[in-house]
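Participant: I have a structure here, written as C-alpha cells, and I will follow up with some questions on it.
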DNA sequence: TACCTAGTGATATAACGTATCAATAGATAG
DNA sequence: CTATCTATTGATACGTTATATCACTAGGTA
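Chains as they are written, first to last, in this note's numbering: chain A, 1 to 154; chain B, 155 to 308.
If you want it as C-alpha cells, here you go:
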C-alpha cells in the first residue's frame, strides 16, 4: 500500500480508504488532493456536480485547485469508480459506484437510486435487425419525484 | 399565414415552410434569421451541432448572428420541433423531428435513426413500485456503428 | 402607412472543462 | 533516512457551449 495512504488511513472513512487503494492498485499516486476529492464524493449520498464537490471542500478549507478536482473526477470516471449521470438538460453530475449502471434521479432534490438491469436488450436486438447498426452502448436514465419530494409537493 | 412567409414560401422547401407555419401558429414571428436556421437544420439529415448550422449558413452568406442561431435552436426545442440528442460524452447535438423520440447514433459519422417505442414502460412501473419514486421522464439513447461505418471499419 | 414590439446583432458574461508549465510532493533506490 | 525522479499540482490561459444585455431593426397589425 502507498506510504502516504498508510499514514492517513486511520483518519479516513473505510469507503474512502478502499477507493484510494484502488487508485494505488491502478498505478496512480495517492495524494492529498485526490483523497480530498474522494472524501467530498463519498460525503454526497446522491448525484453531485464538480461545483458541489468544490463548495464542500472550500467550506472545510481542504480544497485543491479546481483543475485537480476536475482531473480527479475524470480519473475516477476512467477507472469506473465514478459514474457520469446524464440529465435531461445538463450532463454534469456524477455518482460514486462501480461498473455499468443507470440512475433514477429526483428532479427536485437530486436524490438518486441506481439500478442495473435496464431491460433494453430486446430493443437493441430489434433495432439492430431493423437498422443494420451494430449497437455497442446505451444511455438509460429516469427522472421523477422521490418519495420525500412527492409528499412535500402534494 | 405570415406575410413574410407568404412572400418567401415559393423559394422554400416544403419541410421548411411547414416548420415556419408552426412557428407562426405558435405566435412567433417568421423572420429571415429563423428561416435561415430552419433551412440549415433541414439540410442536415442526421444529428447536427449549432456550430455545424453556423458553418453551413456562413458558407452560403446567410448566417444570422450566432446568438440568433442559438435562440432559434432553443425556441425550436421548446416547441418540440427540434430534439436535443444526449450523447455519452456530450449533449450538444440536435435533430429535427416532432415530439418524444429516441436516437440511435453512429459514434463514427453521426448518422442517426430515430425510434419512438423504447419499451421502458415495464421498467418504469417496476422501479416506481420498488423505490416509491414517481417517474415522469426518461432518457434512452443508443450508440454504435451505422451499416456504412461498420463496413468501412471491417 | 405608421406604429408597436418581438426579434436581432454585437458583445459581455457565465458555466463547464482542458492545456500549459513551472513548482511540488509522493514513491523508490541506495 | 536521504536523494532523486517523475507524477501530480496549482495558477491561469484558453476553448466550447450557451445566455444576458441593450440599442437598433424589421415583421405584424390597426
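For glycine and all other residues, C-beta sits at the position ideal for the given N, C-alpha and C.
1) Counting only C-beta atoms, is residue 143 (chain B) closer than 8 angstroms to chain A at any point?
2) Could you say which of B:187, B:220, B:216 and B:214 lies nearest to residue 203 (chain B) if we only look at CA atoms?
3) With distance defined between alpha-carbon atoms, name the residue in B:166, B:185, B:176 and B:177 nearest to residue 158 (chain B).
4) Applying a beta-carbon distance threshold of less than 8 angstroms, which residues of chain B neighbour residue 134 (chain A)?
5) Which same chain residues end up closer than 6 angstroms to residue 261 (chain B) when comparing Cβ atoms and leaving out the 5 residues on each side of it in sequence?
6) Against residue 106 (chain A), what residues of chain B qualify as contacts under a CB-to-CB distance less than 9 angstroms, listed in chain order?
7) Would you mind telling me which residues of chain A sit closer than 8 angstroms to residue 273 (chain B), beta carbon to beta carbon, in chain order?
8) Are any of the Cβ atoms in chain A nearer than 8 angstroms to that of residue 227 (chain B)?
9) Any beta carbon of chain B sitting closer than 8 angstroms to that of residue 140 (chain A)?
10) Mind checking the region 92-116 of chain A against chain B and listing, in chain order, the residues whose C-beta falls within less than 8 angstroms of any C-beta there?
11) Decide if residue 90 (chain A) is buried, meaning its Cβ has at least 16 other Cβ atoms within 10 Å, or exposed.
12) Of the choices B:237, B:234, B:303 and B:205, whose alpha-carbon is the least far from that of residue 222 (chain B)?
13) Is there contact here, the region 291-307 of chain B with the region 262-275 of chain B, by at least three beta-carbon pairs under 8 angstroms?
14) List the residues of chain B that residue 88 (chain A) touches, going by C-beta distances under 7 angstroms, in chain order.
15) Run down chain B in chain order and give the residues with a C-beta less than 7 angstroms from the C-beta of residue 127 (chain A).
16) For residue 264 (chain B), count neighbouring C-beta atoms within 10 Å of its own C-beta (all shown protein chains included) and say buried if the count is 16 or more, exposed if not.
17) Would you call residue 14 (chain A) buried or exposed, if buried means 16 or more other Cβ atoms sit within 10 Å of its Cβ?
18) Where does residue 231 (chain B) fall in DSSP's three states?
Facilitator: Reading from the atomic positions:
1) Lying outside 155 to 308, the shown extent of chain B, residue 143 (chain B) is not represented and no answer is given.
2) B:220
3) B:185
4) 298, 299 and 304
5) 297
6) 287
7) 119, 120, 122 and 123
8) no
9) yes
10) 104, 106, 107, 113 and 115
11) exposed
12) B:205
13) yes
14) 291 and 293
15) 258, 269 and 296
16) buried
17) exposed
18) helix
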